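Colleague: So the sequence shown is numbered by this note's numbering: it starts at 6 and just counts up by one.
Handing you this structure, nothing more for now.
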Amino acid sequence: MKSKKLLLSGGEKVKRFDDFIVFGRYVGLFCFVCEFVILSQCATMFYFVYAGAAPPTETLVCNGDERTLALTNHAKCNLVRIGNCTQPKIDYQFKSLHVEFNLFCDLAKTVKNVISLQMIGVLVGSVIFGQLSDSFGRKTTLLFGLIGCSLTQIISAFAPTLGWFTGVRIAAGFFLGGSIAVFNVFWVENLPTKSRLWISMLITWSPNMAPIALIAFYSESWDAFSITLGSIMLVAAILLALFVHESPRWLIQKGKIAEARIVMQKVFKMDRRPESGFDELEKVLIYEHELLQKQRAKGKHYYYYHLFSTPWLTMITIILSFTFLSISIINYGIMFNFEQMSGSIYMNMVYTGLIRWISNLTFAWLDYRYKWCGRKFVHWFGLLFIVLPLALVILAHYWNLSTQLSLYIRLSILVAVSMTSQIYISATILSNELFPTPIRNLAFSFQSLFNRFGVVLSPFVFYLVDYWVALPFVVMCITASIDIVTWHFLLPETKNQPMVEHMPKTKKRNMEKELRLVSNAA
6 MKSKKLLLSG GEKVKRFDDF IVFGRYVGLF CFVCEFVILS QCATMFYFVY AGAAPPTETL
66 VCNGDERTLA LTNHAKCNLV RIGNCTQPKI DYQFKSLHVE FNLFCDLAKT VKNVISLQMI
126 GVLVGSVIFG QLSDSFGRKT TLLFGLIGCS LTQIISAFAP TLGWFTGVRI AAGFFLGGSI
186 AVFNVFWVEN LPTKSRLWIS MLITWSPNMA PIALIAFYSE SWDAFSITLG SIMLVAAILL
246 ALFVHESPRW LIQKGKIAEA RIVMQKVFKM DRRPESGFDE LEKVLIYEHE LLQKQRAKGK
306 HYYYYHLFST PWLTMITIIL SFTFLSISII NYGIMFNFEQ MSGSIYMNMV YTGLIRWISN
366 LTFAWLDYRY KWCGRKFVHW FGLLFIVLPL ALVILAHYWN LSTQLSLYIR LSILVAVSMT
426 SQIYISATIL SNELFPTPIR NLAFSFQSLF NRFGVVLSPF VFYLVDYWVA LPFVVMCITA
486 SIDIVTWHFL LPETKNQPMV EHMPKTKKRN MEKELRLVSN AA
């Protein structure tokens, strides 16, 4: 669809602001810098895949007595429980917190609890930073989060006890959650409309999983790994501060037209665009400024309750929040228990990253080439390849074929966890394209709350194996199926449609009218 024209007060037609965000040298530089941000955030989020990997009890030797190798796991754990294994020795792929603090058998769950506590910090940070970025700017708030997370990660490597480590990691989680919530909005606001999905598929968490596995392999231990990740994040913050501008869309929203003009002048200069195009942009800035003056005269401020100010906003808020809750339980529930799968935890991470990136590139090409490949199609296809492989795992355990089908179970789980990437990307982009600019960051921050709540719950979901080994996968299949239905029947396609700039003018607008408004926005 062609972009809908805006009208100036004099009746003259001009383009939308989206039309001036094009793929040029600045967007290329922006993507390059953001790759370092994404690498550091992804690595920090997946830190516990390695630092929280419990080594197999089968290799546990107590007090140097090799005869304990012949004992059953239950017998070894009894020795640990009654205090007769004061000097344990165990084989491991990565020197995790379990090895450092001798947390084996029942005590291994202590580390899973630490994961949940850090994710509570992530959850709180994602809420608070959403408000901060709307007040102080996307770039400033993002820098604050990156620097804070970098320093706390480095400090956590010197923690003398698990208690101290937990406290510092909660602080790291707070800054991490905040930086992720702000970055996702900052990222979308700076990308061209037509290229938004394919760039997000190309530069995302998935291709960074292999480098993260390599960093973990050479770090060898939880403390060296933490220092390395903190250093990478600090480099990302420095690059962001030096080479990336504040979001012009946020500047316009805040009425800082002069600053937005300066930013766009620098972008035009770097892209070597003709000055005639900037003259046309001036008209859009004037229009936006006139509209903002009217809004400011009303003294309007926006808070989280505005996400529920109309039936339409309420519905999309609930649906997208459930999407992030569900997919986080699936993604992190599986990844934080990678050590229970056969094979190397490093290679499992590499395979996951490769499958994700291949699917990302495939959907990026389809999105760019074909109109029918939109946000909803990507979401539906991704969930289908989560439900079907997990259903195979459930049936294998139900028919007691888990030993014979162990390879297929491993592949199925890797495919399922890999396809969660498509859900995150499609949901993030659709959210940013559906919510109006004044509450866009609030909306994503609110959804991030449920995203992180899902991460908090994810380690506990696998406690259900105490009742039946496949029960966690049953829960995952149910939540994914609900997500498929709600997206298919209740949400519109937003591909190639301009972002919604302004709030609805009335709270009485019904969902049918709002859906029609979104569908005809282009």
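Where is the CB? At the ideal position from N, CA and C, for every residue including glycine.
Owing to the predicted nature of the structure, the values given are computational and were not obtained by experimental measurement.
Alpha helix (DSSP H) containing serine 463: first to last residue?
Modeller: Start and end: 442 to 466.
Colleague: Closest by CA to phenylalanine 106, which one among Trp385, Ala59 and Gly135?
Modeller: Ranking Trp385, Ala59 and Gly135 by Cα distance to phenylalanine 106 puts Ala59 first.
Colleague: Do glycine 178 and glycine 126 have their beta-carbon atoms positioned less than 7 Å apart in this structure?
Modeller: Yes, the Cβ-Cβ distance between glycine 126 and glycine 178 is below 7 Å.
Colleague: Could you check what DSSP says for lysine 274 in three-state terms: helix, strand or coil?
Modeller: Lysine 274 falls in the helix class under three-state DSSP.
Colleague: If arginine 380 and isoleucine 434 are in contact, beta carbons under 8 Å, what's the gap, nearest whole angstrom?
Modeller: Correct: roughly 6 Å between the Cβ atoms.
Colleague: Could you please give the first and the last residue of the uninterrupted alpha helix (DSSP H) stretch that includes aspartate 228?
Modeller: Run containing aspartate 228: 227 to 248, per the alpha helix (DSSP H) assignment.
Colleague: For glycine 183 versus phenylalanine 134, is the C-beta spacing smaller than 7 Å?
Modeller: Cβ distance < 7 Å, so glycine 183 and phenylalanine 134 count as in contact.
Colleague: Return the residue from the list Trp377, Lys376 and Val383 that minimises the CA-CA distance to asparagine 365.
Modeller: Measuring from the Cα of asparagine 365, the nearest candidate turns out to be Val383.
Colleague: Would you kindly check if the distance between the Cβ of isoleucine 483 and the Cβ of valine 422 is under 7 Å?
Modeller: No, the pair does not count as a contact, with Cβ atoms beyond the cut-off.
Colleague: Cα-Cα, which of Val38, Leu202, Leu44 and Phe467 is closest to threonine 499?
Modeller: The candidate whose alpha carbon is nearest that of threonine 499 is Leu202.
Colleague: Is aspartate 228 near the ligand NAP, with its Cβ less than 6 Å from a heavy atom?
Modeller: Because no ligand of any kind appears in the structure shown, any question about the ligand NAP cannot be addressed here.
Colleague: Applying the 10 Å Cβ sphere with the 16-neighbour rule, what's the burial state of aspartate 96?
Modeller: That one is exposed.
Colleague: Within this structure, are the beta carbons of valine 42 and alanine 241 separated by less than 7 Å?
Modeller: Result yes, Cβ atoms of valine 42 and alanine 241 sit closer than 7 Å.
Colleague: Helix, strand or coil: which one does DSSP assign to proline 93?
Modeller: Strand at proline 93.
Colleague: With three or more beta-carbon pairs closer than 8 Å as the criterion, would you say the region 111 to 124 touches the region 426 to 444?
Modeller: No, the region 111 to 124 does not touch the region 426 to 444.
Colleague: Which value, in whole angstroms, describes the spacing of the CA atoms of glycine 387 and valine 132?
Modeller: If you take the alpha carbons of glycine 387 and valine 132, they lie about 27 Å apart.
Colleague: Would you tell me roughly how many angstroms separate the C-alpha atoms of phenylalanine 449 and isoleucine 324, rounded to the nearest one?
Modeller: Those two C-alpha atoms are separated by around 13 Å.
Colleague: Suppose you measure from the CA of cysteine 110 to the CA of phenylalanine 467; what does that come to, to the nearest Å?
Modeller: Near 15 Å, if we compare the C-alpha coordinates of phenylalanine 467 and cysteine 110.
Colleague: For glutamine 158, which option in Gln98, Thr408, Ala176 and Phe141 has the closest C-alpha, if you only look at C-alpha atoms?
Modeller: It is Ala176.
Colleague: In three-state DSSP terms, what is lysine 100?
Modeller: DSSP places lysine 100 in strand when its eight states are reduced to three.
Colleague: Beta-carbon separation of isoleucine 332 and threonine 209 under 7 Å?
Modeller: In this structure, threonine 209 does not lie closer than 7 Å to isoleucine 332 by Cβ.
Colleague: Below 8 Å on the Cβ atoms is my guess for phenylalanine 191 versus arginine 266; work out the distance and round it to an integer in Å.
Modeller: 19 Å between Cβ atoms; not a contact.
Colleague: Express the C-alpha separation of aspartate 139 and leucine 318 in angstroms, rounding to a whole number.
Modeller: Answer to the nearest angstrom: the Cα atoms are 19 Å apart.
Colleague: Could you pull the DSSP bridge partners for valine 66 from this structure?
Modeller: Its beta-bridge partners are Lys94.
Colleague: So for asparagine 195, helix, strand or coil by DSSP?
Modeller: Coil, per DSSP.
Colleague: Would you check if there are 3 or more beta carbon pairs closer than 8 Å linking the region 206 to 221 to the region 38 to 52?
Modeller: Short answer: they touch.
Colleague: Closer than 6 Å by C-beta to asparagine 456: which residues in its own chain qualify, once you throw out the five before and the five after it? Chain order, please.
Modeller: Answer for asparagine 456: Phe329 and Ser333, listed in chain order.
Colleague: In three-state DSSP terms, what is isoleucine 120?
Modeller: Helix, per DSSP.
Colleague: Under DSSP, the alpha helix (DSSP H) around proline 477 begins and ends at which residues?
Modeller: Where proline 477 is concerned, the enclosing alpha helix (DSSP H) stretches over 476 to 495.
Colleague: With DSSP as the reference, label tyrosine 403 as helix, strand or coil.
Modeller: Residue state, collapsed to three classes: helix.
Colleague: If we ignore side chains and look at the alpha-carbon of each, how far apart do alanine 539 and methionine 352 end up?
Modeller: As displayed, the chain neither begins before 6 nor continues past 527, which places residue 539 out of reach and without an answer.
Colleague: Between which two residues does the alpha helix (DSSP H) holding glycine 150 run?
Modeller: Note, glycine 150: alpha helix (DSSP H), 143 to 161.
Colleague: Which value, in whole angstroms, describes the spacing of the CA atoms of glutamine 46 and arginine 415?
Modeller: When rounded, the distance between both Cα atoms is 27 Å.
Colleague: In or out: phenylalanine 25 buried (at least 16 other Cβ within 10 Å) or exposed?
Modeller: Label assigned to phenylalanine 25: buried.
Colleague: Measuring alpha carbon to alpha carbon, tell me which residue in Phe273, Ala186, Ala369 and Thr315 is nearest arginine 30.
Modeller: When each option's Cα is compared against that of arginine 30, the closest is Phe273.
Colleague: Around the Cβ of glycine 33, are there at least 16 other Cβ atoms within 10 angstroms (buried) or fewer (exposed)?
Modeller: Answer is exposed; the Cβ neighbour count stays below 16.
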